[in-house]
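These protein sequences, in sequence, are chains A and B.
For the first sequence, the positions run 1 to 262 when the working numbering is used.
For the second sequence, the positions run 263 to 524 when the working numbering is used.
Reviewing the structure listed below.
2 protein chains.
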Amino acid sequence: MSFLQLFFKIIFIPYVYAANRSTPKRPYMNKYQKQTRLLAAVDCIVFGFDGQKLKLLLIQRGFEPEKNKWSLMGGFIRPTEGADEAAVRILKILTGLEGVYLEQLHTFAEPVRDPIERTISIAYFALIDTHQYEKQISDEYHAEWFPLESIPDLIFDHKRMVAMAKEKLRYKAALHPILFELLPPKFTLPLLLNLFEDVYEASFDKRNFTRKIMSTGLLLKQKEKDKGSSKKGAFYYKLDKKHYKKNFNKFIHFIRNPNGIS
Amino acid sequence: MSFLQLFFKIIFIPYVYAANRSTPKRPYMNKYQKQTRLLAAVDCIVFGFDGQKLKLLLIQRGFEPEKNKWSLMGGFIRPTEGADEAAVRILKILTGLEGVYLEQLHTFAEPVRDPIERTISIAYFALIDTHQYEKQISDEYHAEWFPLESIPDLIFDHKRMVAMAKEKLRYKAALHPILFELLPPKFTLPLLLNLFEDVYEASFDKRNFTRKIMSTGLLLKQKEKDKGSSKKGAFYYKLDKKHYKKNFNKFIHFIRNPNGIS
DNA sequence: AAAAATAATTGTAAAAATGACAATTAATAA
DNA sequence: TTATTAATTGTCATTTTTACAATTATTTTT
């Protein structure tokens with residue numbers, strides 16, 4: 001790109017734009033002129049559960065900087081979209097999924113996160129059912145699932161983002177039925193217990209756990225059993241979606257003290 | 263400012279900067295060239311408690327746009343500071359206080375929040391002891407405390423920010439000893455009860471409340487009494503700071519169901 | 001000096017939730 | 001028929017929560 005092109009692209013167009021705003025109707029047009037603009041991106045911490053382990057979806061960057069290093073899926077926010085929309089778009093690109101659980105986590109805005117240019121990142125965490133995912137996965141982004149205990153080195157401050165997301169997941173799952181977002185539509189109680197035990201890296205008493213889960217009224221027992229992992233087979237359950245949505249914000253004390261601080 | 267000046271300020275300098283980066287060592291210099299930059303600001307939702315009511319600190323804007331309307335205290339993030347630093351700086355300007363409780367709330371990034379130009383706002387909420395504040399208040403910003411039930415119209419999406427902050431305050435105060443941040447160093451149990459009752463717009467049983475509070479081990483009974491509001495007088499208590507800090511993230515179920523959803 | 005007034009402080013019993021414990025059941029495989 | 005495997009289910013002691021009102025310390029009034 002020539003200097004002249006750059007001139008038009010970066011300088012002239014904004015100037016004209018600003019000039020338009022400086023008509024008598026808007027006497028305050030120069031208000032923000034002095035301020036520094038910066039790039040805004042979205043990064044997604046994507047959790048999944050394959051029935052055994054809680055995992056994280058990462059991509060291998062195909063471009064500089066930090067080419068070939070592992071990274072969270074992210075992208076710049078476009079001029080016409082908000083951060084939530086950007087996160088939804090990026091998640092759709094990566095997983096092919098729509099309507100997944102997505103929540104804003106935190107915004108990382110240290111001046112020197114990205115070596116190229118100042119970029120703030122609005123981080124989101126997502127919970128998806130890996131079975132849904134596997135059907136639609138595109139290898140375009142070199143995406144891979146990693147168990148949480150063996151996450152590779154990540155670019156920029158993505159490691160910190162993951163740590164924060166994990167903490168928030170534990171926090172929230174202790175109080176709200178959020179982990180069901182990781183499960184397929186039909187699941188068994190032993191599977192659910194596995195999930196909780198993996199998330200909290202702890203083991204829970206089956207009887208007490210079942211009692212707690214059942215007392216929430218969230219589960220609908222199905223007639224079919226899953227005979228995959230035992231001779232007796234375990235009954236399938238479904239989420240009572242209405243109950244789930246209506247009571248999502250209510251406290252359910254699944255885990256008393258998620259951080260194990262005495 | 264002349265066109266030439268603008269030219270140098272906005273165009274030339276960044277161009278040179280980018281050119282520096284485009285040495286053979288960094289073949290990816292143009293990577294982000296196409297992306298749109300935007301303004302990033304910080305807004306602070308400042309809560310205070312005057313002994314009677316939970317209140318919000320607002321300022322009357324002295325400049326366009328939305329001059330004379332009420333607003334949260336905010337400002338643009340500077341090139342050399344992160345968002346947390348910006349929030350601290352802005353809070354210092356408004357209240358004169360340092361070291362106050364400050365927590366990132368949420369980032370608002372809809373494309374058209376500010377009519378002048380796209381600006382994303384990283385919102386923080388702060389809890390301060392109004393007594394500390396009153397000593398240092400500067401009227402420069404036309405700051406005023408408003409009870410939560412009579413907040414005036416606010417600019418942009420600030421109303422939504424306040425609503426979210428209030429919700430988060432309730433949520434967090436139900437589980438963590440965060441409301442102590444609103445109290446002076448010495449306070450009485452009836453005052454603490456007042457605070458909780460005002461925050462949750464509910465009334466709590468004195469005996470059960472006291473028992474709960476005392477069981478946390480957070481309070482140190484003082485020998486003096488506050489005789490301001492009764493003949494008998496109420497003992498002062500202080501926070502056990504060490505205990506407070508060490509156990510802050512631990513769940514203490516002050517309020518069982520903060521949203522009152524049955 | 002006694003009584004009244006005011007707000008702070010304190011106790012108890014029933015109900016609910018939790019935590020700690022192992023035997024029984026359903027189905028398949030031997 | 002028996003052995004095997006994993007799922008399912010129950011009880012009791014402890015802790016926590018809830019519901020409810022009498023007592024106490026001090027000042028003001030009589």
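Note that CB positions come from ideal geometry on N, CA and C, so glycine has one too.
Closest by C-alpha distance to B:Met426, when choosing among B:Leu367, B:Glu396 and B:Val461: As a working mapping, residue 426 of chain B is identified with position 164 in the second sequence. For the residues B:Leu367, B:Glu396 and B:Val461, the minimum Cα distance to B:Met426 belongs to B:Leu367.
Stretch-stretch touch, CB-based, cutoff 8 angstroms, three pairs: the segment 180–196 of chain A with the segment 40–52 of chain A: Touching, yes, given that three or more Cβ pairs across the two stretches are closer than 8 angstroms.
Compute the Euclidean distance between the alpha carbons of A:Ile77 and B:Ala302, then round it to the nearest angstrom. Taking the first sequence and counting its residues from 1, the one referred to as residue 77 of chain A is at position 77. Taking the second sequence and counting its residues from 1, the one referred to as residue 302 of chain B is at position 40. Rounded to the nearest angstrom, the gap between the Cα atoms of A:Ile77 and B:Ala302 is 13 angstroms.
Would you kindly check if the distance between the Cβ of A:Thr216 and the Cβ of A:Leu189 is under 7 angstroms? For the purposes of this step, residue 189 of chain A is taken as the residue at position 189 of the first sequence. For the purposes of this step, residue 216 of chain A is taken as the residue at position 216 of the first sequence. Between A:Leu189 and A:Thr216, the gap from beta carbon to beta carbon reaches 7 angstroms or more.
Residues bridged to B:Ser333 by DSSP? For the purposes of this step, residue 333 of chain B is taken as the residue at position 71 of the second sequence. Bridge pairing for B:Ser333: B:Ile321 [DSSP].
Going along the chain, which residues of its own chain have a beta-carbon closer than 7 angstroms to the beta-carbon of A:Phe156, five neighbours each way excluded? Taking the first residue of the first sequence as 1, we reach residue 156 of chain A at position 156. Cβ neighbours of A:Phe156 beyond the five flanking positions: Arg113 and Asp114.
For chain B, find out if any of its Cβ atoms is closer than 7 angstroms to the Cβ of A:Leu169; answer yes or no. Position 169 of the first sequence holds residue 169 of chain A. With a threshold of 7 angstroms between beta carbons, A:Leu169 makes no contact with chain B.
With a threshold of 7 angstroms between beta-carbons, can A:Gln35 be considered close to chain B, or not? As a first step, residue 35 of chain A must be located in the first sequence, where it is residue number 35. With 7 angstroms as the cut-off, A:Gln35 counts as an interface residue toward chain B.
For the segment 111–125 of chain A, list every residue whose C-beta sits within 7 angstroms of some C-beta in chain B, in sequence order. Under the 7 angstroms Cβ criterion, the segment 111–125 of chain A contributes Pro111, Ile116, Glu117, Ile120 and Ile122.
Confirm, please, whether the CB-CB distance from A:Leu175 to A:Phe251 is below 7 angstroms. Within the first sequence, residue 251 of chain A is the residue found at index 251, counting from 1. Within the first sequence, residue 175 of chain A is the residue found at index 175, counting from 1. Closer than 7 angstroms, so yes.
In three-state terms, what does DSSP make of A:Ala109? As a working note, residue 109 of chain A is residue 109 in the first sequence. Residue state, collapsed to three classes: coil.
Closer than 9 angstroms, Cβ to any Cβ of chain B: which residues of the segment 49–66 of chain A, in chain order? Answer set for the segment 49–66 of chain A: Phe63, Glu64 and Pro65.
Is A:Phe7 helix, strand or coil by DSSP? Taking the first sequence and counting its residues from 1, one reaches residue 7 of chain A at position 7. Note that A:Phe7 scores 41 on pLDDT, short of 50, meaning its location in the model is unreliable; the coordinates nonetheless yield the value given after this. Assignment of A:Phe7 by DSSP, reduced to helix, strand and coil, places it in the helix class.
Beta carbon proximity, B:Asn282 to chain A, threshold 7 angstroms: The residue you call residue 282 of chain B lines up with position 20 of the second sequence. Reliability fails at B:Asn282, whose pLDDT of 34 lies under 50, so the model's placement of it is uncertain and the value that follows must be treated cautiously. So, not an interface residue.
Buried or exposed (CB count within 10 angstroms, at least 16 for buried), B:Phe317: Here residue 317 of chain B corresponds to residue number 55 of the second sequence, with the count starting at 1. Contrary to the premise, residue 317 of chain B reads as Lys rather than Phe in this sequence. The residue is buried, with at least 16 neighbouring Cβ atoms inside 10 Å.
So for A:Gln132, helix, strand or coil by DSSP? Here residue 132 of chain A is taken as the residue at index 132 of the first sequence, counted from 1. Residue state, collapsed to three classes: helix.
Using only the alpha-carbon positions, how far apart do A:His263 and B:His404 sit? Limits of chain A in this structure are 1 at one end and 262 at the other, which puts residue 263 of chain A out of reach.
On the criterion of 16 or more Cβ atoms from any shown chain inside 10 Å, does A:Arg207 qualify as buried, or is it exposed? Counted from its first residue, the first sequence places residue 207 of chain A at position 207. Around the beta carbon of A:Arg207, fewer than 16 other beta carbons sit within 10 angstroms, so the residue counts as exposed.
Closer than 7 angstroms by beta-carbon distance: list the chain B residues that pair up with A:Thr107, in chain order. Your numbering for residue 107 of chain A matches position 107 in the first sequence. Ordered by position in chain B, the residues that pass the 7 angstroms Cβ test against A:Thr107 are Ala345, Gln366, Thr369 and Ile384.
Chain A residues whose Cβ lies nearer than 7 angstroms to that of B:Tyr506: Position 244 of the second sequence, counted from the start, is the residue given in the question as residue 506 of chain B. Ordered by position in chain A, no residue passes the 7 angstroms Cβ test against B:Tyr506, which lies about 13 angstroms from the chain.
Cβ-based burial, B:Phe309 [other Cβ within 10 Å; buried from 16]: Looking up residue 309 of chain B in the second sequence gives position 47. Buried, by the Cβ-count rule.
List the residues of chain B whose Cβ lies closer than 8 angstroms to the Cβ of A:Asn194, in chain order. Within the first sequence, residue 194 of chain A is the residue found at index 194, counting from 1. From the beta-carbon of A:Asn194, no residue of chain B is found nearer than 8 angstroms; the closest lies around 24 angstroms away.
Smallest Cα separation from B:Gln295: which of A:Tyr101, A:Glu110 and A:Arg118? The count along the second sequence starts at 1 and reaches residue 295 of chain B at position 33. When the alpha-carbon of B:Gln295 is set against those of A:Tyr101, A:Glu110 and A:Arg118, the nearest one is in A:Arg118.
Under the three-state reduction of DSSP, which class applies to B:Ala464: helix, strand or coil? Your numbering for residue 464 of chain B matches position 202 in the second sequence. Coil, per DSSP.
Mind pulling the chain A residues with CB within less than 7 angstroms of B:Ile339? Residue 339 of chain B sits at position 77 when you count from the first residue of the second sequence. Listed along chain A, the residues sitting closer than 7 angstroms to B:Ile339 by beta-carbon distance are Ala109.
What is the residue span of the beta strand (DSSP E) that B:Lys500 lies within? Here residue 500 of chain B refers to the residue found at position 238 of the second sequence. Taken as a continuous stretch (DSSP letters only), the beta strand (DSSP E) holding B:Lys500 covers Ala496 to Leu501.
Which partner residues does B:Phe387 have in the DSSP bridge list? On the second sequence, position 125 is the one that residue 387 of chain B refers to. According to DSSP, B:Phe387 bridges with B:Ile307 and B:Glu365.
Rounded to a whole number of angstroms, what is the C-alpha to C-alpha distance between B:Pro373 and A:Glu81? Residue numbering aside, residue 373 of chain B sits at position 111 when the second sequence is read from its first letter. Residue numbering aside, residue 81 of chain A sits at position 81 when the first sequence is read from its first letter. When rounded, the distance between both Cα atoms is 6 angstroms.
Can you tell me whether B:Met476 is buried or exposed, with buried defined as 16 or more other CB within 10 angstroms of its CB? Numbered from its first residue, the second sequence carries residue 476 of chain B at position 214. It counts as exposed.
Closest to B:Val362 by CA distance: which of B:Thr392, B:Pro341, B:Ile382 and B:Gly336 is it? Working through the second sequence from its first residue, we reach residue 362 of chain B at position 100. Restricting attention to B:Thr392, B:Pro341, B:Ile382 and B:Gly336, the CA atom closest to the CA of B:Val362 is found in B:Thr392.
Between B:Ala371 and B:Lys483, what straight-line distance do the alpha-carbon atoms span, to the nearest angstrom? As a position in the second sequence, residue 371 of chain B is number 109, starting the count at 1. As a position in the second sequence, residue 483 of chain B is number 221, starting the count at 1. Whole-angstrom Cα-Cα distance: 46 angstroms.
Which residues in chain B have a C-beta closer than 8 angstroms to the C-beta of A:Thr80? List them in chain order. Here residue 80 of chain A refers to the residue found at position 80 when the first sequence is read from its first residue. Those are Pro373, listed as they occur along chain B.
Sheet register partners of A:Ile120 (DSSP bridge): To locate residue 120 of chain A, count along the first sequence from 1; it is residue 120. Per DSSP, A:Ala40.
Please state the DSSP three-state secondary structure of B:Lys493. Reading the second sequence from its first residue, position 231 is the one you call residue 493 of chain B. Coil at B:Lys493, not helix or strand.
Compute the Euclidean distance between the alpha carbons of B:Glu396 and A:Thr107, then round it to the nearest angstrom. Position 134 of the second sequence, counted from the first residue, corresponds to residue 396 of chain B. Position 107 of the first sequence, counted from the first residue, corresponds to residue 107 of chain A. Cα to Cα, the separation comes out at about 32 angstroms.
Straight-line gap, B:Tyr386 to B:Ser333 (C-alpha atoms, nearest Å): For the purposes of this step, residue 386 of chain B is identified with residue 124 of the second sequence, where counting begins at 1. For the purposes of this step, residue 333 of chain B is identified with residue 71 of the second sequence, where counting begins at 1. Using only the alpha carbons, I get a separation of about 14 angstroms.
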